[in-house]
């Protein structure tokens with residue numbers, strides 16, 4: 001999958017001869033179905049063209065809407081359009097569900113699920129298909145019709161009722177405690193920092209599982225036993241079961257890790273934290289997963305995975321956690337403390353004369369973003385601990401003076417930068433591979449602008465690679481690494497000329 005690819009989802013619901021199509025939008029960091037835009041098609045209106053056109057409009061809505069703050073009432077009632085059913089449970093029992101999502105490269109993934117299964121994972125689908133990028137509305141709509149034909153075939157083979165399990169939804173909770181259907185999965189986070197183990201439960205907050213320290217256990221020292229860890233984990237599961245959904249403030253979510261630790265910031269804590277999660281599947285088993293240092297808790301990323309049957313003793317559960325940490329220690333002996341860095345992806349950008357710049361993507365935590373400046377061809381950003389950008393790396397096509405050193409061509413770039421950072425107090429010049437030079441300006445506030453000239457172009461233009469680091473005085477080593485990335489990319493970049501125009 002492409003790095004940082006963010007798929008878009010559409011829910012297609014068939015109830016009798018009616019199709020209800022709803023988009024999923026970002027809400028508090030997760031995808032939620034909304035009826036702020038919806039399409040309800042019935043009878044003869046259900047054609048491949050109409051269905052496909054509706055879905056393309058849905059994807060356009062998702063792209064333009066961005067993140068929305070949906071109330072619980074909105075999330076609970078988005079399905080109520082043009083239906084005879086009064087409750088979500090009755091609607092779900094009679095609903096044939098499809099998910100249509102975007103895939104890397106502009107393709108569409110269409111997945112059909114068994115009736116009443118509540119499935120939303122591609123691996124649980126009874127039928128799926130990939131529609132190529134650029135497909136017409138009719139082709140996309142026909143894939144949906146084929147998916148429903150597969151559901152009908154599945155029902156003929158296995159019976160109309162399908163799987164007797166209601167979908168998991170935020171609507172199914174009760175304020176006084178989790179309902180039986182939502183009790184299926186509970187998770188506890190186990191964090192090891194040196195000889196200390198901190199256990200925190202995940203609770204439901206606005207429909208999303210969030211960490212909380214309203215219950216926590218901090219176990220420290222050589223006297224901590226498997227029984228102590230197992231008992232703390234079981235107490236955390238009991239807390240989740242009793243508590244049900246909570247409304248956690250952002251401050252609570254951000255500071256839940258701060259108990260009994262020497263670290264002052266989350267970033268420092270996370271660098272020195274060995275992470276394990278324990279998930280309980282009701283009346284079945286516990287699943288224990290250990291992850292490499294500094295990675296996300298994604299299925300498939302585990303360095304160790306084990307199960308403990310439901311009803312096991314606290315000591316058995318705690319021993320599984322200790323086994324998980326033994327696997328993490330073994331992984332670190334082999335791979336080192338740091339997880340493997342992400343391999344930068346090569347990029348390209350078109351020039352105004354038809355040429356093309358090919359260059360390796362930056363590492364060091366730079367993430368691609370969209371720039372509003374027309375002359376910027378590619379832009380990457382590095383964020384600090386508070387989420388604000390601290391450095392920008394961008395490729396630009398700018399005016400160029402044919403003089404020996406560019407003459408006044410730098411002035412426009414420098415003036416823009418000085419508006420935010422004040423007058424430059426020093427200028428340095430360094431060689432950069434075959435390019436004439438790199439220039440570096442430093443402002444009085446410590447910010448610096450470094451520009452590497454890739455190549456002058458015809459027509460008074462030049463291609464430049466620029467690094468803008470904001471007040472790097474306290475992060476001098478980081479700035480040195482960023483400038484190293486700038487020079488590495490500048491040396492490896494190539495420019496392919498465009499085809500010359502011919503008079504016909």
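In full-length UniProt numbering, the protein residues as written are 1 to 504. Note that CB positions come from ideal geometry on N, CA and C, so glycine has one too.
Nearest-angstrom beta carbon gap, residue j and residue i [assumed within contact, 8 Å]
i	j	result
residue 219	residue 197	5 Å
residue 233	residue 317	6 Å
residue 358	residue 493	7 Å
residue 259	residue 209	Residue 259 to residue 209, Cβ: 20 Å. No contact.
residue 393	residue 449	Actually they are not in contact, since the Cβ atoms of residue 393 and residue 449 sit about 11 Å apart, beyond 8 Å.
residue 12	residue 100	6 Å
residue 98	residue 78	That belief does not hold up - the Cβ atoms of residue 98 and residue 78 are roughly 16 Å apart, past 8 Å.
residue 363	residue 485	6 Å
residue 133	residue 107	5 Å
residue 115	residue 155	6 Å
residue 96	residue 14	4 Å
Residue i - partner residues in DSSP beta bridges
i	result
residue 306	288
residue 368	380
residue 72	Residue 72 is not bridged to any residue.
residue 496	356
residue 193	196
residue 39	21
residue 186	280
residue 217	199
residue 274	192
residue 347	359
residue 247	According to DSSP, residue 247 bridges with nothing at all.
residue 424	443
residue 204	209
Check whether residue i and residue j have beta carbons under 8 Å apart
i	j	result
residue 206	residue 28	yes
residue 375	residue 356	no
residue 329	residue 306	no
residue 103	residue 23	no
residue 378	residue 351	no
residue 25	residue 32	yes
residue 185	residue 321	no
residue 291	residue 269	no
residue 414	residue 441	yes
residue 261	residue 204	no
residue 301	residue 188	no
residue 20	residue 9	no
residue 424	residue 438	no
residue 390	residue 470	yes
residue 361	residue 345	yes
residue 303	residue 257	no
residue 221	residue 314	no
residue 239	residue 280	no
residue 68	residue 34	yes
residue 56	residue 137	yes
residue 495	residue 463	yes
residue 263	residue 272	yes
Span of the beta strand (DSSP E) around residue i
i	result
residue 389	389 to 399
residue 148	Counting along the chain, residue 148 falls outside any beta strand (DSSP E), though it belongs to the alpha helix (DSSP H) covering 137 to 158.
residue 23	18 to 27
residue 13	9 to 15
residue 268	It is not in any beta strand (DSSP E) - residue 268 instead sits in the alpha helix (DSSP H) that spans 266 to 271.
residue 462	461 to 469
residue 31	30 to 33
residue 102	96 to 102
residue 240	Premise fails: residue 240 lies in the alpha helix (DSSP H), 226 to 243, not in any beta strand (DSSP E).
residue 109	108 to 112
residue 82	From DSSP, residue 82 is part of no beta strand (DSSP E); its letter is neither H nor E.
residue 515	This structure cannot settle anything about residue 515, because the visible part of the chain is limited to 1 through 504.
residue 211	208 to 211
residue 128	127 to 131
Continuous alpha helix (DSSP H) stretch holding residue i: start and end
i	result
residue 335	314 to 335
residue 92	88 to 93
residue 51	48 to 65
residue 250	250 to 255
Does the segment 128 to 147 come close enough to the segment 45 to 58 that 3 or more CB-CB pairs lie under 8 Å? yes
Given 8 Å, three or more beta-carbon pairs between the segment 150 to 159 and the segment 247 to 257: no
Is there contact between the segment 80 to 91 and the segment 222 to 229, where contact requires at least three CB pairs shorter than 8 Å? no
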